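Below is one structure, written out as structure tokens; comments come after it.
2 protein chains.
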Amino acid sequence: MHILVAGLGRFGRNLAINLTRLGHDVIAIDQDQGEVQDIAPDIESAVTGDATDEDVLLEIGAPDVQLAIVAMAEVEASVLITTHLKNLKVPMVFAKASSDVHRTILERVGADRVIFPEQEMAVRLAQSVEAPRAMDYFELLPHLGIAQIPAAAYAGRTLASMDLRGRYNAAVLAIKRGNELVVMPELTDRVQDDDVLVVVGRDDQLAEIVDASA
Amino acid sequence: MHILVAGLGRFGRNLAINLTRLGHDVIAIDQDQGEVQDIAPDIESAVTGDATDEDVLLEIGAPDVQLAIVAMAEVEASVLITTHLKNLKVPMVFAKASSDVHRTILERVGADRVIFPEQEMAVRLAQSVEAPRAMDYFELLPHLGIAQIPAAAYAGRTLASMDLRGRYNAAVLAIKRGNELVVMPELTDRVQDDDVLVVVGRDDQLAEIVDASA
Ligand SMILES: Nc1ncnc2c1ncn2[C@@H]1O[C@H](COP(=O)(O)OP(=O)(O)OP(=O)(O)O)[C@@H](O)[C@H]1O
Ligand SMILES: Nc1ncnc2c1ncn2[C@@H]1O[C@H](COP(=O)(O)OP(=O)(O)OP(=O)(O)O)[C@@H](O)[C@H]1O
Chain L
12 MHILVAGLGR FGRNLAINLT RLGHDVIAID QDQGEVQDIA PDIESAVTGD ATDEDVLLEI
72 GAPDVQLAIV AMAEVEASVL ITTHLKNLKV PMVFAKASSD VHRTILERVG ADRVIFPEQE
132 MAVRLAQSVE APRAMDYFEL LPHLGIAQIP AAAYAGRTLA SMDLRGRYNA AVLAIKRGNE
192 LVVMPELTDR VQDDDVLVVV GRDDQLAEIV DASA
Chain Z
12 MHILVAGLGR FGRNLAINLT RLGHDVIAID QDQGEVQDIA PDIESAVTGD ATDEDVLLEI
72 GAPDVQLAIV AMAEVEASVL ITTHLKNLKV PMVFAKASSD VHRTILERVG ADRVIFPEQE
132 MAVRLAQSVE APRAMDYFEL LPHLGIAQIP AAAYAGRTLA SMDLRGRYNA AVLAIKRGNE
192 LVVMPELTDR VQDDDVLVVV GRDDQLAEIV DASA
């Protein structure tokens, strides 16, 4: 895709680089020439300029991109740029928020998606602390999600004997075994020492499974 | 758990609040009195002070916490505080990094886990852009993971007729329907307009499912 990233702070810069690695054509704009020069070799193109200026956005081809991401903490600039990009009919505009109020304003001016990296990572980290040895947690609904749980404590046992359903109202969706994934395993399957269980359930129940297997 | 959070920037503040919501006793320290006063009602206790001062850390009870999280962008302060906390035998010390170099240094001085929120959210967002209408992607193995995919294009059809297994080598692990989760649905189940499918498969195949259902 053709993607515009406005703002090369830590989030914007890492985003521009990762999107490029995934094969997208990324053009970035920042008013800081040093930031622009640093990233220029690593992405499609990087331009120095004021992204709140609609003429500048036209010059760099903003109307032709399929996705724009506005990555600045400052509310006024990010709201202005988001508004300009929606007026220029950019199909998808994502914007970074630096507070809950900022998030609300961005939603009101039409941001298709709002990201608050520091808050979202804080929530994810807080949830993984709850289940300290769970390798990762993916929320599906408030308090309900999927965790990756090392299975060593259950090595040799069948899923039926572990009875996660009966004890924790949790279901094993898959077993990660080395570089393989066994999807929707049979209850008669036996767990191996290095397996990681991909389990769905309430987050507090998942935390109990992790604690019980410690 | 008893948890210490050092630094009340956006990440530290959101972390302290979310850990408290999950039932932990959180003490926070920041040198900015305004930040400390703002958060004080919402957590166990908040203290104004210089966290690089080992005496201050002793005074606030750092040796008695089970987990400490150092949440500052400035390399020198975060490395100093991490080192003090490890010397004080705090069992788990996590630290926030603001660059890859910062991450390396924190690992060298013994941080048990390093988090770089802006980079990690940028990577996640870049991956979810790859499958643009997927609501979220959870990696299990390189190129293999779980995505949440809106099912509106399939409304009224059975899972069997959609044949995601035959066409995309993907499996529907669950259906998110309003506030409910239907885990390991039957092939005869019919998809409803607002359903979100929780699907496991290769990331490029998941992206194809999303594009095909556009
Ligand atoms: N009007 C503007 N036009 C172009 N670039 C801008 C404009 N305003 C700010 N920037 C750039 O946006 C970038 C990010 O700014 P800011 O400091 O607000 O980000 P941040 O959200 O704190 O960053 P981080 O992602 O590191 O947390 C800076 O490099 C800055 O030069
Ligand atoms: N030596 C110290 N002792 C206590 N608090 C400190 C010390 N040094 C910095 N802080 C506090 O740490 C907090 C975070 O600082 P900093 O600006 O480095 O964070 P940041 O990582 O950019 O924040 P964000 O999470 O918003 O991205 C600030 O509130 C600051 O007052």
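Residue numbers (the numbering used here), protein chains in the order written: chain L, 12 to 225; chain Z, 12 to 225.
Glycine is no exception: its CB is placed at the ideal position from the N, C-alpha and C atoms.
No experiment lies behind these values; they were computed from the predicted model shown.
For residue i, three-class secondary structure by DSSP
i: L/K97; result: helix
i: Z/V120; result: coil
i: Z/D38; result: The question names Asp, but residue 38 of chain Z is Ile in the sequence shown. The answer is strand: DSSP assigns Z/I38 an E or B state.
i: L/R24; result: helix
i: Z/I14; result: strand
i: L/I54; result: coil
i: Z/G45; result: helix
i: L/M103; result: strand
i: Z/G212; result: strand
i: Z/G156; result: strand
i: L/D200; result: coil
i: Z/P143; result: Low local confidence applies: a pLDDT of 45 at Z/P143 is under 50, so the model's placement there is unreliable, with the coordinate-based value given in what follows. It is coil, neither helix nor strand.
i: L/I92; result: helix
i: L/V125; result: strand
i: Z/L217; result: helix
i: L/L19; result: coil
i: Z/L33; result: coil
Near ligand 1: residue i beta-carbon under 7 Å from a heavy atom
i: L/A166; result: no
i: L/D61; result: yes
i: L/I40; result: yes
i: Z/A182; result: no
Identified DSSP bridge partners for residue i
i: Z/A82; result: Partner(s): none; Z/A82 has no beta bridge.
i: Z/I186; result: Z/V193 and Z/L208
i: L/P161; result: L/V207
i: L/T59; result: L/D41
i: Z/T115; result: Partner(s): none; Z/T115 has no beta bridge.
i: L/Y148; result: L/A158
Heavy atom of ligand 2 within 7 Å of residue i beta-carbon
i: L/V171; result: Here the sequence assigns Ala to residue 171 of chain L, which means Val is not the residue at that position. Incorrect: L/A171 has no Cβ contact closer than 7 Å to ligand 2.
i: Z/D43; result: yes
i: Z/G23; result: yes
i: L/D49; result: no
i: Z/E46; result: yes
i: L/K107; result: no
i: L/E129; result: yes
i: Z/V84; result: It is Ala, not Val, that sits at residue 84 of chain Z in the sequence shown. Result yes, Cβ under 7 Å from ligand 2.
i: Z/L19; result: yes
i: L/A88; result: no
Q.
Any C-beta of chain L within less than 7 Å: which residues of the region 113–134 of chain Z qualify?
A. I126, P128, E129, Q130, E131, M132, A133 and V134
Q) Using Cβ-Cβ distances below 7 Å, what residues of the region 172–201 of chain L are close to chain Z? A) A182, L184, A185, K187, N190, L192, V194 and M195
Q: Taking only beta carbons into account, state which residues of the region 61–79 of chain Z come closer than 9 Å to chain L, listed in chain order.
A: L78
Q | Positions along the region 26–57 of chain L whose CB lies within less than 7 Å of some CB in chain Z | A | L26, N29, L30 and L33
**Q.** Residues from the region 87–98 of chain L in contact with chain C, defined by Cβ distance under 7 Å
**A.** Absent from the structure: chain C. Protein chains present are L and Z.
Q. Listed from N- to C-terminal order along the chain, which residues in the region 99–113 of chain L have their beta-carbon within a distance smaller than 8 Å of any beta-carbon of chain Z?
A. M103, F105, S109 and S110
Q | Under 8 Å (Cβ pairs) to chain Z, residues found in the region 154–172 of chain L | A | L155, I157 and Q159
**Q.** Where the region 208–225 of chain Z meets chain L: residues whose CB sits under 8 Å from a CB there
**A.** V209 and V211
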